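For reference, the structure discussed in these notes is given below.
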Amino acid sequence: MIDEQREFQIAQYADGTLPAAERAALEQVLADDADARALLDEYRRLDASLKRELPVPAMNWDRLSAHLSDAVADEDRATTTIAWPLRHAGKLAAAAAIIVVIGSIALWHLRPATPVEQVAVNQKPLLTANTAVVIVEITGPVAQAASQPAVAQIEIGPSQWARQTSFGVADQVVYREPRVMIASGHVDRQDTGRLPF
Amino acid sequence: MESAASDPNQEPSRQGPTDGQLVTKCLTGNRKAFDELIRRYQRQAVAVSYRLLGNSQDSLEVTQDAFLKAFTSLDTLQKPEAFGGWLMRIVSNLSLNYRRSRKTRTAVPLAEVLAPQTGEATEAHGGGSEWMSAAGSDPVRRMEGKELGVKLKEALAQLPEKQRLAIVMFTIDEMPQKQVAEALGCSVEAVKWHVFQGRKKLKEILKEHL
């Protein structure tokens, strides 16, 4: 009976990888033990069968290497074509950003003077015993044909009437965070979503 | 008692630049250096993939993919001198994954590539599954060879992956153990053990046929 360690040695001996230090001792075993020799013969027959029965198909290796080289060259060209813009993407993005910033500044400085148009303010004070509400309607400016940008200047503060009446609630109106909705078309009221109290 | 011939741990001696030098040249933009690597390793790549897939058409596709992958990821190779083992790892991984990902890419023109050459195996004209060998002109011997080839293929398929790869690369394709170890990502001692365990199992499976 041959143990696994001995069989491992015999298998390595068959394929030539047994360390030299172990070779002489194993050869002595093989000379004395018929079972060991039979096992060695089995491994050699197996190795020979593997090499003989599973051959690589015949190929024209020159043509194959030419084909593979062409495929790699195609891949190289494709990679280079894609890689160039990617390599320079950062620089392109930076240049584009600079152009946009400079262009914006230039446009800002070169913009035509926009006339400020006064708007009509219609204040409707509603007074009760405990509350004071001022509904302000702002009309204008009237939209015109867009020959140039229209700018509306809106000032929010205590009206003259509110200051004169000295109601405390006037301050609430003044200091309340303004919610001003600028809209065009048919919206005829602004800041009407919520009363200040 | 004689031992097997050359030392399987040694790299085959080659003339010209080493693999490491060729890889370095490739990385500096010299694509021709990669052509030399193709010439050096195409046989090994085809052989390994063919023995794992059993089909010449598939093995050629895998070989092409492997070289393309190696070329595009060459800068990730940490030890340029280990190119051979690294490439075989790519080949074996692609071969094992091949059936999971069928491809639609243009096939390698087999008719041009597959051609009989004097002194080499001649069984594989036209692709398909070709595990039989050219066993001479004797029809009985040829039939026996075909039957044993099929049995060997079936037996190999039953082995655990590492044992199968180790036997294909080391025993059949006679790659150096160091290169097999690099391909399998293990030590040389582990390669020896995988080869031994695999051959032991093959011997057991094929005891009626050897």
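Those protein sequence lines, which keep their order, are chains G and P.
Under the working numbering, think of the first position of the first sequence as 137, with each following residue one higher.
Under the working numbering, think of the first position of the second sequence as 1303, with each following residue one higher.
Using N, Cα and C, we set each Cβ at its ideal position, and we do this for glycine too.
Every value quoted in this text rests on a predicted model; they were computed, and no experiment measured them.
Classified as buried, P:Q1359 has 16 or more neighbouring CB atoms from the shown chains inside 10 Å of its CB. Under the three-pair Cβ rule at 8 Å, the segment 1339-1350 of chain P counts as touching the segment 1391-1402 of chain P. Chain order gives the chain G residues near P:T1473 as D151, D183, L186, K187, where near means a beta carbon separation below 8 Å. Note on geometry: alpha-carbon atoms of P:R1342 and P:G1500 lie some 28 Å from one another.
For G:E211, the chain P residues whose Cβ falls inside 7 Å of its Cβ are L1370, F1373, T1374, in order along the chain.
At a cut-off of 8 Å between beta carbons, G:A174 makes no contact with chain P. For G:M137, the closest Cβ of chain P is not nearer than 8 Å. Here the segment 1475-1492 of chain P makes contact with the segment 1379-1391 of chain P; the two share three or more CB pairs at distances below 8 Å. Taking a Cβ-Cβ cut-off of 8 Å, the neighbours of P:R1501 in chain G comprise A147, Y179, L182, D183, given in sequence order. At a C-beta separation below 8 Å, G:A207 has these neighbours in chain P: Q1366, F1369, L1370.
Note on geometry: alpha-carbon atoms of G:Q148 and P:V1452 lie some 26 Å from one another. With a threshold of 8 Å between beta carbons, P:V1393 makes no contact with chain G. For P:Q1366, the enclosing alpha helix (DSSP H) stretches over residues 1358-1374. Nearest to P:E1506 by C-alpha distance, out of G:M195, G:E178, G:R199, is G:E178. For G:E140, the secondary structure class from DSSP, reduced to helix, strand or coil, is helix. Per the coordinates, the alpha-carbon of G:W197 lies some 26 Å from the alpha-carbon of P:L1454. Cβ-Cβ separation between P:L1354 and G:L182: approximately 19 Å, too far for a contact (criterion under 8 Å).
A straight-line Cα-Cα distance of about 22 Å links P:V1490 and P:L1398.
Residues of the same chain with their beta carbon placed closer than 6 Å to that of P:A1492 are lacking, with the five preceding and five following residues left out of the count. With a beta-carbon spacing of about 6 Å, P:V1350 and P:M1471 fall inside the 8 Å limit used to define contacts. Non-local beta-carbon contacts of G:L166 in its own chain, meaning distances under 7 Å to residues more than five positions away in sequence, involve A172, R173, L176 in chain order. Going by C-alpha positions, G:H245 is about 56 Å away from G:A207. Contact between P:L1376 and P:L1324 is absent: CB atoms are separated by about 10 Å, not below the 8 Å threshold. The criterion of a C-beta distance shorter than 8 Å is not satisfied by P:I1474 and G:L200. Around the beta carbon of P:P1478, 16 or more other beta carbons sit within 10 angstroms, so the residue counts as buried. Under the 8 Å criterion on CB atoms, P:Q1344 is classed as interfacial with respect to chain G. In the three-state reduction of the DSSP assignment, G:D210 falls in the helix class. The beta carbon of P:K1371 sits closer than 7 Å to the beta carbons of I1392 from its chain, once the five residues preceding and following it are set aside; these are given in chain order. The DSSP-derived three-state label of P:E1510 is coil. Spatial neighbours of G:L228 in its own chain (CB-CB distance under 7 Å, excluding positions within 5 residues in sequence) are not present. Residue environment analysis places P:E1338 among the buried positions, since at least 16 neighbouring C-beta atoms fall within 10 angstroms of its C-beta.
Residue contact with chain P for G:P155: absent (no Cβ-Cβ distance below 8 Å to any residue of chain P). Cβ atoms of G:E211 and P:T1374 come within 8 Å of each other, at about 6 Å. Chain G places a beta carbon closer than 8 Å to that of P:D1337, counting this residue as a contact. For P:K1381, the three-state secondary structure derived from DSSP is coil.
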